[in-house]
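J.:
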Amino acid sequence: MFLREIELIDFMCHEHLKITPKRLTLIFGKNGSGKSAILEAINLAFGGLGRERQELLRGFIRHGKQQAIIRLRLSNTVILPGNKVVILDPKLRSDADIVIERIIRQDASVYRLNGRRVRKEDISELLSLINISAKNPFFFVPQEKITRLVEMNPEERLDAIMAGLGLLNLKNALTKLKTDISKYNQKKKEIEEKVVELEGRLSEQMQALSSIESVASTLKNYYIYKLALLFKKRTRYRDEEDKINQKIKSLEEKLMENRRFLDELPDRLSKIEKQIKELQANKAEIISREPEIEERIRELEEKEKELSTKLKNLSGKRAEAVKKVDSILKKWRALSLEELESLLETHKDRLTHIEEQINSAEETKEIRELESIIQKMRGELKELEKARNEYLAGFEEILNSLDPSGNVFKIYNFIVKENLVDEVQGPILLELSFNMDMDRLRQYAVAIERAFEKNILKSFVVLSLRALRKIMGFIKKTEGETPYIFFYGHGRIFWRIEEQFAYFLHNVPEKIIEICKERREEIREKLELLSDYERSAFICLLPEIIDAPPATKAIVEYFLWDTAIVTNFDAGISLLRDLNLNRIVTIEGEVIQRFSMGQGAIYYIMPMSKEQINAGENTLIW
Numbered sequence: 006m007f008l009r010e011i012e013l014i015d016f017m018c019h020e021h022l023k024i025t026p027k028r029l030t031l032i033f034g035k036n037g038s039g040k041s042a043i044l045e046a047i048n049l050a051f052g053g054l055g056r057e058r059q060e061l062l063r064g065f066i067r068h069g070k071q072q073a074i075i076r077l078r079l080s081n082t083v084i085l086p087g088n089k090v091v092i093l094d095p096k097l098r099s100d101a102d103i104v105i106e107r108i109i110r111q112d113a114s115v116y117r118l119n120g121r122r123v124r125k126e127d128i129s130e131l132l133s134l135i136n137i138s139a140k141n142p143f144f145f146v147p148q149e150k151i152t153r154l155v156e157m158n159p160e161e162r163l164d165a166i167m168a169g170l171g172l173l174n175l176k177n178a179l180t181k182l183k184t185d186i187s188k189y190n191q192k193k194k195e196i197e198e199k200v201v202e203l204e205g206r207l208s209e210q211m212q213a214l215s216s217i218e219s220v221a222s223t224l225k226n227y228y229i230y231k232l233a234l235l236f237k238k239r240t241r242y243r244d245e246e247d248k249i250n251q252k253i254k255s256l257e258e259k260l261m262e263n264r265r266f267l268d269e270l271p272d273r274l275s276k277i278e279k280q281i282k283e284l285q286a287n288k289a290e291i292i293s294r295e296p297e298i299e300e301r302i303r304e305l306e307e308k309e310k311e312l313s314t315k316l317k318n319l320s321g322k323r324a325e326a327v328k329k330v331d332s333i334l335k336k337w338r339a340l341s342l343e344e345l346e347s348l349l350e351t352h353k354d355r356l357t358h359i360e361e362q363i364n365s366a367e368e369t370k371e372i373r374e375l376e377s378i379i380q381k382m383r384g385e386l387k388e389l390e391k392a393r394n395e396y397l398a399g400f401e402e403i404l405n406s407l408d409p410s411g412n413v414f415k416i417y418n419f420i421v422k423e424n425l426v427d428e429v430q431g432p433i434l435l436e437l438s439f440n441m442d443m444d445r446l447r448q449y450a451v452a453i454e455r456a457f458e459k460n461i462l463k464s465f466v467v468l469s470l471r472a473l474r475k476i477m478g479f480i481k482k483t484e485g486e487t488p489y490i491f492f493y494g495h496g497r498i499f500w501r502i503e504e505q506f507a508y509f510l511h512n513v514p515e516k517i518i519e520i521c522k523e524r525r526e527e528i529r530e531k532l533e534l535l536s537d538y539e540r541s542a543f544i545c546l547l548p549e550i551i552d553a554p555p556a557t558k559a560i561v562e563y564f565l566w567d568t569a570i571v572t573n574f575d576a577g578i579s580l581l582r583d584l585n586l587n588r589i590v591t592i593e594g595e596v597i598q599r600f601s602m603g604q605g606a607i608y609y610i611m612p613m614s615k616e617q618i619n620a621g622e623n624t625l626i627w
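6 is the number of the first residue of the sequence shown in the working numbering; add one for each residue after it.
1. Which runs of the alpha helix (DSSP H) at least 4 residues long sit entirely within the stretch 429-492? Give them in chain order.
2. Can you grab the Cα-Cα spacing for the pair Ser541 / Thr568, in whole Å?
3. If you run the structure through DSSP and keep just helix, strand and coil, what is Asp15?
4. Buried or exposed for Gly69, going by 16 or more other Cβ atoms inside 10 Å?
5. Could you check if Asp408 is buried or exposed, using at least 16 other CB atoms within 10 Å of its CB as the buried criterion?
6. Hey, how far is the Cα of Asn460 from the Cα of Ser406?
7. Taking Cβ positions, are Ala559 and Ile528 nearer each other than 8 angstroms?
8. Strictly by DSSP, which residues pair up with His21?
9. May I have the straight-line CA-CA distance separating Ile281 from Glu245, to the nearest angstrom?
10. Assign Thr572 to one of three DSSP states: helix, strand, or coil.
11. If you draw a straight line from the C-alpha of Gln212 to the C-alpha of Phe236, how long is it?
12. What does DSSP give as the partner residue(s) for Glu106 in the beta ladder?
13. Pick out whichever of Asn36, Gly87 and Leu13 has its Cα sitting closest to the Cα of Arg107.
14. Might you give, ordered along the chain, the residues of its own chain that have their beta carbon closer than 7 angstroms to the beta carbon of Val413, omitting 5 neighbours on each side?
15. Roughly how many angstroms separate the alpha carbons of Glu428 and Leu468, rounded to a whole number?
16. Taking the CB atoms as reference points, tell me whether Glu549 and Phe574 lie closer together than 8 angstroms.
17. Tell me, which residues are paired with Val91 by DSSP?
18. Quickly, what does DSSP pair Arg122 with across the bridge? List them, please.
19. Which residue from Ile74, Lys150, Arg98 and His21 puts its Cα closest to that of Asn81?
20. Contact between the stretch 118-127 and the stretch 77-93 is defined here as three or more beta-carbon pairs at a separation below 8 angstroms; is this criterion met?
21. Could you pull out every residue in the same chain whose Cβ sits closer than 7 angstroms to the Cβ of Ser114, ignoring the five residues on either side in sequence?
22. Considering only C-alpha positions, which residue in the set Thr572, Ala576, Ser438 and Phe564 is nearest to Asn587?
23. Since Phe465 and Phe419 are thought to touch, with beta carbons under 8 angstroms apart, how far apart are those beta carbons, to the nearest angstrom?
24. According to DSSP, simplified to helix, strand and coil, what is Ile544?
25. Select from Arg455, Ile453, Leu425 and Glu515 the residue whose C-alpha is nearest the C-alpha of Arg471.
26. Under the rule that 16 or more other beta-carbon atoms within 10 Å means buried, what is Glu436, buried or exposed?
27. Suppose you measure from the CA of Glu197 to the CA of Ala221; what does that come to, to the nearest Å?
28. Have a look at Ile476, Lys482 and Phe457 and flag the residue whose alpha-carbon is nearest the alpha-carbon of Trp566.
29. How many Å lie between Pro554 and Pro514 at the Cα?
30. Let me make sure I understand the geometry here. Which of Ile151, Arg28 and Ile75 has the alpha-carbon closest to that of Glu20?
31. What is the residue span of the alpha helix (DSSP H) that Lys35 lies within?
32. Which residues share a DSSP beta bridge with Leu8?
33. By DSSP, does Asp552 sit in helix, in strand, or in coil?
34. Spatial neighbours of Lys176 within its chain, please: CB distance less than 8 angstroms, with the 5 preceding and 5 following residues excluded, ordered by chain position.
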């Protein structure tokens with residue numbers, strides 16, 4: 006049986022009708038029971054226009070409903086008269102089914118073939134393989150057409166039947182063919198006369214050809230010479246081409262090396278960020294010790310001055326002592342040996358004491374060592390400042406791409422200078438990490454960025470009341486648009502709207518993340534019930550591939566728990582409806598957003614601009 010199943014949903018008088026006919030040749034029932042509606046549905050599914058009394062498509066939709074669905078299930082293998090076997094879709098098994106759907110909405114309709122959206126012409130082309138055409142006036146003959154056929158005179162009836170069987174066109178074609186044959190015979194006669202004339206002219210030209218051959222021989226020798234020159238040039242050009250190819254190969258190798266370097270940049274950036282955090286911690290420690298060091302330097306400088314004064318005094322005393330020793334030596338002969346030795350020991354003791362006082366001046370060496378340490382520390386501080394400035398310059402470029410007004414970078418810089426890094430998360434863009442390798446991240450970067458609202462990416466999460474007061478005080482001094490500020494305190498998250506904070510999320514971040522995860526699991530269960538086409542087009546729900554600190558993760562979950570990434574636009578519309586999602590983003594960056602407006606849902610499609618597509622490698626995510 007060619008037609009295996011007929012299913013009608015909200016079509017005319019049928020709420021939900023499913024028929025699996027076996028050798029069906031007759032449908033009978035009371036007036037108004039929907040017999041004609043079944044035939045009308047088959048005609049519409051095959052591309053027909055419907056009866057004249059229903060000019061508008063909404064006339065086929067059951068009263069009070071938004072759309073009607075016609076679904077026909079056909080066998081892939083059809084046996085035509087003469088036992089000719091036709092396979093409608095060679096890509097499917099011979100015993101498979103082919104499902105044709107027509108979804109009728111207000112003044113518009115959509116065709117689907119095996120779940121895939123197609124044109125009406127695609128349906129007609131498929132059915133033409135088994136000689137079915139909805140344009141044939143005898144494919145679907147309603148009662149009023151039969152009445153008109155009976156009322157026609159014999160000649161009109163013959164033309165109508167021939168038109169239905171396709172014979173009227175054949176008759177017209179035969180008449181045209183006879184006319185064309187007559188014209189062909191006339192043209193043939195004219196051509197034969199022209200041939201006789203041309204043969205005479207050819208004979209004359211053959212006589213002139215002999216004189217031309219001598220000229221041709223001369224030209225041949227000339228062109229052989231020219232050809233030899235061209236071969237020589239070709240050899241030279243090929244050598245140059247080889248050199249160019251070698252340069253291209255060298256440049257490609259350099260390009261690959263540069264690409265590998267670019268691929269390694271995220272890891273290097275991560276290491277640099279880690280080093281900067283360590284340096285910032287060291288810097289904070291050094292800065293905290295700087296007053297202590299400066300105080301120690303002042304003490305040592307005072308001590309150095311004191312010791313310098315003592316050294317000068319000791320130098321004078323030493324010179325005086327030397328003079329006294331000389332005087333004593335002159336008188337030694339006048340003393341006894343014992344007296345001399347006693348006096349010598351006394352002076353030695355005094356000299357030792359003086360030398361000890363002199364040696365105490367060597368404490369200035371400690372001062373010099375401390376000065377050296379201080380100079381070294383100051384040099385390290387300069388290097389830290391330089392690394393910090395380079396780090397901030399890179400972030401400035403990223404954050405200014407996110408917010409051209411520059412306010413996000415100003416706030417970020419303020420947070421770093423005020424040492425609030427441990428009390429503030431953000432901007433949220435910088436807090437995100439992704440559970441995928443670099444190749445997949447590069448492939449999905451445009452979709453991920455388009456899935457976010459930029460106001461979310463450039464917002465901050467403040468974790469302490471002290472930091473909140475400082476940041477809000479700084480924001481009041483800025484001009485233009487400022488980013489969202491989320492405050493996480495007292496186990497709740499508050500959202501800054503203009504100058505006020507609104508009570509925003511009613512649970513702690515961990516609970517919000519858990520609730521959104523449960524909702525995504527429900528979406529995954531619905532996905533398993535959809536067609537293979539829709540499941541294969543579905544890539545992921547966005548929060549599944551994103552990690553962030555708990556407060557930031559909770560905000561991402563709240564805004565994006567029902568946002569999905571898909572492979573193509575048509576599947577995205579179906580998934581948005583069937584999974585009841587809020588937003589769909591294709592990997593090319595097309596966004597499909599659901600808004601509730603009156604009855605049903607309106608799809609707003611926001612395709613990427615040409616500039617955004619060309620800049621696909623330069624997204625904020627990648």
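Beta carbons are placed, not taken as given, at the ideal position from N, Cα and C, and that holds for glycine.
T.: Well, looking at it:
1. Whole alpha helix (DSSP H) segments, 4+ residues: 433-436, 443-456, 459-462 and 470-481.
2. Position 536 of the sequence shown, counting from 1, holds the residue named residue 541. Position 563 of the sequence shown, counting from 1, holds the residue named residue 568. The straight-line gap from Cα to Cα measures roughly 17 angstroms.
3. On the sequence shown, residue 15 is found 10 positions in, with the first residue counted as 1. It is a strand residue.
4. One-based indexing of the sequence shown puts residue 69 at position 64. By the 16-neighbour rule on beta-carbons within 10 angstroms, Gly69 is exposed.
5. Stepping through the sequence shown from its first residue, residue 408 is reached at position 403. Result: buried.
6. Here the question's residue 460 lines up with position 455 in the sequence shown. Here the question's residue 406 lines up with position 401 in the sequence shown. Roughly 13 angstroms separates the two Cα atoms.
7. Here residue 559 refers to the residue found at position 554 of the sequence shown. Here residue 528 refers to the residue found at position 523 of the sequence shown. Cβ distance not < 8 angstroms, so Ala559 and Ile528 don't count as in contact.
8. In the sequence shown, residue 21 corresponds to position 16, counting from 1. According to DSSP, which records beta bridges pairwise, His21 is partnered with Ile14.
9. By 1-based counting over the sequence shown, the position of residue 281 is 276. By 1-based counting over the sequence shown, the position of residue 245 is 240. Annotation: Ile281 to Glu245 spans about 51 angstroms, alpha carbon to alpha carbon.
10. In the sequence shown, the residue the question calls residue 572 occupies position 567. In the three-state scheme derived from DSSP, where H, G and I count as helix and E and B as strand, Thr572 is classed as coil.
11. Along the sequence shown, one-based indexing puts residue 212 at 207. Along the sequence shown, one-based indexing puts residue 236 at 231. Straight-line Cα distance between these residues: approximately 36 angstroms.
12. Within the sequence shown, numbered from 1, the residue matching residue 106 stands at position 101. In the DSSP secondary-structure assignment, Glu106 is bridged to Arg76 and Arg117.
13. Here residue 107 corresponds to residue number 102 of the sequence shown, with the count starting at 1. Among Asn36, Gly87 and Leu13, the Cα nearest to that of Arg107 belongs to Leu13.
14. The count along the sequence shown starts at 1 and reaches residue 413 at position 408. Only Leu404, Leu407, Pro432, Lys463 and Pro488 meet the Cβ criterion.
15. On the sequence shown, position 423 is the one that residue 428 refers to. On the sequence shown, position 463 is the one that residue 468 refers to. When rounded, the distance between both Cα atoms is 5 angstroms.
16. The residue labelled residue 549 in the question sits at position 544 within the sequence shown. The residue labelled residue 574 in the question sits at position 569 within the sequence shown. With a cutoff of 8 angstroms on beta-carbon distance, Glu549 and Phe574 are scored as not near each other.
17. Numbered from 1 along the sequence shown, position 86 holds the residue referred to as residue 91. Paired residue(s): Val83.
18. Here residue 122 refers to the residue found at position 117 when the sequence shown is read from its first residue. According to DSSP, Arg122 bridges with Arg117.
19. The count along the sequence shown starts at 1 and reaches residue 81 at position 76. Per the Cα distances, Arg98.
20. They do not touch, by the three-pair rule.
21. For the purposes of this step, residue 114 is taken as the residue at position 109 of the sequence shown. So the qualifying residues of the chain are Leu62, Arg107 and Ile108.
22. In the sequence shown, the residue the question calls residue 587 occupies position 582. Looking at Thr572, Ala576, Ser438 and Phe564, the one whose alpha-carbon comes closest to that of Asn587 is Phe564.
23. What you label residue 465 is simply residue 460 of the sequence shown in a count that begins at 1. What you label residue 419 is simply residue 414 of the sequence shown in a count that begins at 1. At roughly 11 angstroms, the Cβ-Cβ gap does not stay under 8 angstroms, so Phe465 and Phe419 are not in contact.
24. Within the sequence shown, the letter at position 539 stands for residue 544. Three-state result, Ile544: strand.
25. One-based indexing of the sequence shown puts residue 471 at position 466. For Arg471, the nearest C-alpha among the options comes from Leu425.
26. Residue numbering aside, residue 436 sits at position 431 when the sequence shown is read from its first letter. Buried: at least 16 other Cβ atoms inside 10 Å.
27. By one-based count along the sequence shown, residue 197 stands at place 192. By one-based count along the sequence shown, residue 221 stands at place 216. When rounded, the distance between both Cα atoms is 33 angstroms.
28. To locate residue 566, count along the sequence shown from 1; it is residue 561. For Trp566, the nearest C-alpha among the options comes from Phe457.
29. For the purposes of this step, residue 554 is taken as residue 549 along the sequence shown, with counting starting at 1. For the purposes of this step, residue 514 is taken as residue 509 along the sequence shown, with counting starting at 1. One C-alpha to the other measures close to 10 angstroms.
30. Here residue 20 corresponds to residue number 15 of the sequence shown, with the count starting at 1. The residue among Ile151, Arg28 and Ile75 with its C-alpha nearest the C-alpha of Glu20 is Ile75.
31. By one-based count along the sequence shown, residue 35 stands at place 30. From DSSP, Lys35 is part of no alpha helix (DSSP H); its letter is neither H nor E.
32. Along the sequence shown, read from residue 1 onward, the residue named residue 8 stands at position 3. Beta-bridge pairing links Leu8 to Leu79.
33. For the purposes of this step, residue 552 is taken as the residue at position 547 of the sequence shown. Secondary structure at Asp552: strand, using DSSP grouped into helix, strand and coil.
34. In the sequence shown, counting from the first residue as 1, residue 176 sits at position 171. Excluding positions up to five away in sequence, the list reads Met167.
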